[in-house]
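Peer 1: What follows is a single structure, and I will ask about it in a moment.
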């Protein structure tokens, strides 16, 4: 099946620093990528949707200046948490949908990135 | 607006017994329905999806799900559970005329005891 990778899998940083997370679709081209945040024992919360070559669409309540998303190619999207604070500590998961982008397409998920801000 | 309900926070089952994880949905049009499984500290793994056609969908690891339009349900089933099936299961829906986001249920923790 389709594979989505994320890097890094774990990151610990000091408060005030910025952290970049990479998401790659390894064997398919992803027109659309999604970034989710998940708190312990909770469902996934969609943060933003990004289409290759265009600006990301953020969900209500998600600060676009804090969570910078770049979808530079059909196989790579990045999420940068700027000036991270302890409340940004969470599990971040990316997801990619196939090249046709249709609603019937399966979304494949990365393994997640655990961020801990001290 | 679309929504998904997973009425059980946790399902406990003995190994070898049938496993059912319930899911009901609400959409204004026709739904595309998905099941994913999440192991601790991991992303979601795709199990199966219903797009159209046969109401019984077979997926990975011996799982299957039945689409019931009249009951707006898409319950996940496995005839004989394994201890390794213990994980968090998510049901998700997307409307067929939407190119947008999946709506996830709250998740159901499955615990399979030896």
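Residue numbers (our numbering), protein chains in the order written: chain A, 1 to 118; chain B, 1001 to 1114. All C-beta atoms in this analysis are idealised placements derived from N, C-alpha and C, irrespective of residue type, glycine included. Every value quoted in this text rests on a predicted model; they were computed, and no experiment measured them.
Could you tell me whether the segment 63-74 of chain A touches the segment 47-54 of chain A, using the rule of 3 or more Cβ pairs below 8 Å?
Peer 2: Counting Cβ pairs under 8 Å, three or more are found: they touch.
Peer 1: Out of 98(A), 84(A) and 118(A), which has the shortest C-alpha to C-alpha gap to residue 21(A)?
Peer 2: For residue 21(A), the nearest C-alpha among the options comes from 84(A).
Peer 1: Would you call the CB atoms of residue 946(B) and residue 1006(B) closer than 8 Å?
Peer 2: Here chain B has residues from 1001 to 1114 only, and residue 946(B) is not among them.
Peer 1: What residue does the beta strand (DSSP E) around residue 71(A) start on, and which one ends it?
Peer 2: It spans 67-73 - the beta strand (DSSP E) in which residue 71(A) sits, taken as one unbroken run.
Peer 1: Among residues of its own chain, excluding the 5 on either side of residue 98(A), which ones have a beta-carbon nearer than 8 Å to its beta-carbon?
Peer 2: Here the set comprises 2, 28, 29, 30, 31, 105 and 106.
Peer 1: Using a Cβ-based criterion (distance less than 7 Å to any ligand heavy atom), does residue 1052(B) qualify as near the ligand NAP?
Peer 2: Annotation note on the ligand NAP: not contained in the displayed structure, which lists no ligands.
Peer 1: Leaving out five residues before and five after residue 1044(B) in sequence, what residues of the same chain have Cβ atoms less than 6 Å from its Cβ?
Peer 2: Cβ neighbours of residue 1044(B) beyond the five flanking positions: 1036 and 1038.
Peer 1: Taking the alpha-carbon of residue 46(A) as reference, which of 1084(B), 1111(B), 1017(B) and 1105(B) has the nearest alpha-carbon?
Peer 2: Nearest option by C-alpha distance: 1105(B).
Peer 1: Please name the residue or residues paired with residue 1042(B) in a DSSP beta bridge.
Peer 2: Answer is none; residue 1042(B) lacks a bridge partner.
Peer 1: Out of curiosity, what's the CA-to-CA distance linking residue 1110(B) and residue 64(A)?
Peer 2: Cα to Cα, the separation comes out at about 36 Å.
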